[in-house]
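Undergrad: Chains as they are written, first to last, in this note's numbering: chain A, 3 to 195; chain B, 3 to 195.
Protein chains: 2
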Amino acid sequence: MKQESRPSPQLDRDAWIQAAFDSLADHGVDGLRVEVLAKRCGVTKGSFYWHFRNRQDLLSAVLENWKDGRIRDILKQTRAEPGEELSCIRHVIEVYSASRNRKGMLIELAVRDWARRDATAAQIVRKVDSIRLDCAGRLFRACGIAPEEARSRSLLLYAYVFGISLMSVERNDPLMAGQRQTISDLIAGAKVS
Amino acid sequence: MKQESRPSPQLDRDAWIQAAFDSLADHGVDGLRVEVLAKRCGVTKGSFYWHFRNRQDLLSAVLENWKDGRIRDILKQTRAEPGEELSCIRHVIEVYSASRNRKGMLIELAVRDWARRDATAAQIVRKVDSIRLDCAGRLFRACGIAPEEARSRSLLLYAYVFGISLMSVERNDPLMAGQRQTISDLIAGAKVS
DNA sequence: GAATTACCATACGTATGCGTATGGTGCCCA
DNA sequence: TGGGCACCATACGCATACGTATGGTAATTC
């Protein structure tokens with residue numbers, strides 16, 4: 003009988019994948035090395051090659067896992083009650099651009115870096131982006147914004163949240179809080195001044 | 003007498019740095035290896051270690067070179083005649099978000115990826131960001147925008163242009179042209195609809 | 001309780017990459 | 001014209017990392 007509640011002392015495939023996400027966030031794809039990962043897991047690579055055919059096998063699994071998680075997350079975060087679409091948009095902006103959820107953003111950036119040099123990763127990023135833009139666009143249209151502009155604002159929204167993570171600004175600065183609010187207003191389409 | 007017009011058949015320090023930028027754009031910092039670089043230059047690493055103490059020496063030089071180039075570029079691009087500030091802003095947005103200048107953006111992204119794991123790189127990126135925000139803020143204020151909002155719009159501007167480069171959208175799509183225009187309007191503060 | 005299975009360690013060969021040491025070659029200049 | 005210098009090649013030792021082969025162990029199964 004399988005014990006699912008208590009984490010097994012043995013490593014399974016998913017445990018390796020989760021550890022891979024940690025390494026991905028900290029060191030990027032290039033820093034994701036199986037022997038290093040094994041050391042971090044307290045085992046040797048003999049274990050790794052039991053669960054995975056090779057390094058690429060792990061990378062593919064990481065990508066698929068990331069894709070599924072992102073899609074699930076998007077659908078969850080953009081599900082808004084009628085009339086709550088605007089606050090939903092603001093919430094999405096806030097969740098992504100805040101300094102919390104830092105690890106998730108580091109993974110996001112690592113995957114996008116990955117996608118610049120790997121066709122498979124690029125394809126998955128395109129897919130995730132496509133869904134994100136669709137979901138956000140739906141929210142904007144529900145706010146009464148024309149389809150064309152809704153798509154533009156969606157693009158601006160995600161470009162902003164990813165871009166702001168690339169910039170070395172102090173995101174915990176209380177002075178930044180007001181600026182983030184202003185930017186959120188600009189993207190969401192509210193009045194600023 | 004030094005020949006400056008004709009490129010020397012010998013490699014000098016700057017030639018190595020330029021080649022390093024190519025490698026940086028294509029493979030990131032982690033892919034910037036001295037033996038690989040030497041092969042690309044048609045020489046062996048014996049040449050490299052003549053011009054540089056070690057790999058870190060090259061990386062530091064690349065960083066400094068990037069910083070100087072960026073600062074020079076910012077000052078040049080944000081120098082606007084009185085009354086031309088708005089078009090100057092739009093021009094900055096267009097230059098960065100367009101698919102041309104692709105190599106420059108790849109280097110930009112590589113350096114920012116680098117900065118996430120290296121304190122020196124992070125410091126230089128902060129410096130460049132600071133100057134960029136100051137220069138853009140000056141343009142916005144010249145357009146009659148309040149200092150607070152000017153800073154927010156500057157932040158949005160650069161976050162957008164870097165973020166859009168992270169997204170795998172078809173930037174050559176003629177459909178995208180209209181959206182980029184709409185976004186440019188939103189950032190610059192023009193009317194959209 | 002013997003055999004099978006799941007999981008992991010160890011050892012090996014190969015490749016890549018760093019940094020050093022040393023040797024070679026063409027050019028400049030006294 | 002011969003020594004010195006700038007520039008580069010070659011060879012070495014070392015470290016890391018991939019993938020494979022094989023051996024070990026604990027738990028499960030029959």
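Even for Gly, the Cβ is constructed at its ideal location relative to N, Cα and C.
Residues of chain A with CB closer than 8 Å to the CB of L157 of chain B, please, in chain order.
TA: Per Cβ cutoff of 8 Å: I166, M169, V171, Q181, I185.
Undergrad: How far does the alpha helix (DSSP H) with P84 of chain B in it reach, from first residue to last?
TA: Segment: none, P84 of chain B is in no alpha helix (DSSP H) and carries neither H nor E.
Undergrad: For H29 of chain A, which option in A:A82, A:E110, A:G146, A:K69 has the closest C-alpha, if you only look at C-alpha atoms?
TA: Closest by alpha carbon: A:E110.
Undergrad: Write down the C-beta distance between A186 of chain B and I95 of chain B rounded to the nearest angstrom, noting that I regard them as a contact closer than 8 Å.
TA: In the sequence on display, residue 186 of chain B carries Ser and not Ala. Right, the Cβ-Cβ distance comes to about 5 Å (below 8 Å), so this counts as a contact.
Undergrad: Tell me whether D136 of chain A sits in a helix, a strand or coil according to DSSP, three-state version.
TA: Correct three-state label for D136 of chain A: helix.
Undergrad: Are the Cβ atoms of S156 of chain B and L188 of chain B separated by less than 8 Å?
TA: Not in contact: S156 of chain B and L188 of chain B (Cβ atoms no closer than 8 Å).
Undergrad: With a cut-off of 8 Å on the beta carbons, I'd call A27 of chain B and A112 of chain B a contact; round off their distance for me.
TA: Contact flag correct, Cβ pair sits at about 6 Å.
Undergrad: Looking at the C-beta of L26 of chain B, does it have a partner C-beta in chain A at a distance below 8 Å?
TA: No, L26 of chain B does not count as interfacial toward chain A.
Undergrad: Name the chain B residues that come within less than 7 Å of S154 of chain A, Cβ to Cβ?
TA: Neighbours of S154 of chain A on chain B, chain order: Q181, T184, I185.
Undergrad: Could you check how far apart the C-beta atoms of E151 of chain A and T184 of chain B are, in whole angstroms? I think they sit under 8 Å.
TA: Contact holds; Cβ gap of about 6 Å.
Undergrad: Specify the secondary structure class of D75 of chain B as computed by DSSP and reduced to three states.
TA: DSSP places D75 of chain B in helix when its eight states are reduced to three.
Undergrad: If you measure between the beta carbons of A161 of chain A and R92 of chain A, is that distance less than 8 Å?
TA: No, these two residues do not count as a Cβ contact at 8 Å.
Undergrad: If you pair each beta-carbon of the region 119-128 of chain B with each one of the region 39-46 of chain B, do three or more pairs fall below 8 Å?
TA: With a cut-off of 8 Å, the region 39-46 of chain B and the region 119-128 of chain B do not count as touching, because too few Cβ pairs lie within range.
Undergrad: Ignore the nearest five residues each way along the sequence and tell me which others in Q79 of chain A's own chain have a CB closer than 6 Å to its CB.
TA: Closer than 6 Å at Cβ, skipping near neighbours: V94.
Undergrad: What are the boundary residues of the alpha helix (DSSP H) that F164 of chain A is part of?
TA: Counting along the chain, the alpha helix (DSSP H) containing F164 of chain A begins and ends at 149-168.
Undergrad: I need the straight-line Cα distance from E66 of chain A to G106 of chain A, nearest angstrom please.
TA: Each residue's alpha carbon lies about 15 Å from the other.
Undergrad: Could you run through the region 114-126 of chain B and flag, in chain order, every residue whose CB is less than 8 Å away from some CB of chain A?
TA: Within the region 114-126 of chain B, the qualifying residues are R114, D115, A117, R118, R119, A124.
Undergrad: What is the DSSP secondary structure of A22 of chain A, counted as helix, strand or coil?
TA: Looking at A22 of chain A - three-state DSSP - the assignment turns out to be helix.
Undergrad: Closer than 6 Å by C-beta to A63 of chain A: which residues in its own chain qualify, once you throw out the five before and the five after it? Chain order, please.
TA: Only I19 meet the Cβ criterion.
Undergrad: So what does DSSP say about A100 of chain A, is it helix, strand or coil?
TA: Looking at A100 of chain A - three-state DSSP - the assignment turns out to be coil, as it is neither helix nor strand.
Undergrad: Return the residue from the list B:R102, B:D115, B:R104 that minimises the CA-CA distance to L108 of chain A.
TA: Among B:R102, B:D115, B:R104, the Cα nearest to that of L108 of chain A is on B:D115.
Undergrad: Under a Cβ-count criterion, where at least 16 other Cβ atoms within 10 Å of its own Cβ denotes burial, should W52 of chain A be classed as buried or exposed?
TA: By the 10 Å Cβ count, W52 of chain A comes out exposed.
Undergrad: Within 10 angstroms of the Cβ of V31 of chain A, are there 16 or more other Cβ atoms? Answer buried if so, exposed if not.
TA: It counts as buried.
Undergrad: Have a look at R182 of chain B and N174 of chain A and give me their C-alpha separation to the nearest angstrom.
TA: Taking the straight line joining both Cα atoms gives about 30 Å.
Undergrad: Would a check of beta-carbon distances place G33 of chain B closer than 8 Å to chain A?
TA: True, the Cβ-Cβ gap to chain A drops below 8 Å.
Undergrad: Using 10 angstroms around the beta-carbon of D70 of chain A, count the other beta-carbons present and answer buried if the total reaches 16, otherwise exposed.
TA: By the 10 Å Cβ count, D70 of chain A comes out exposed.
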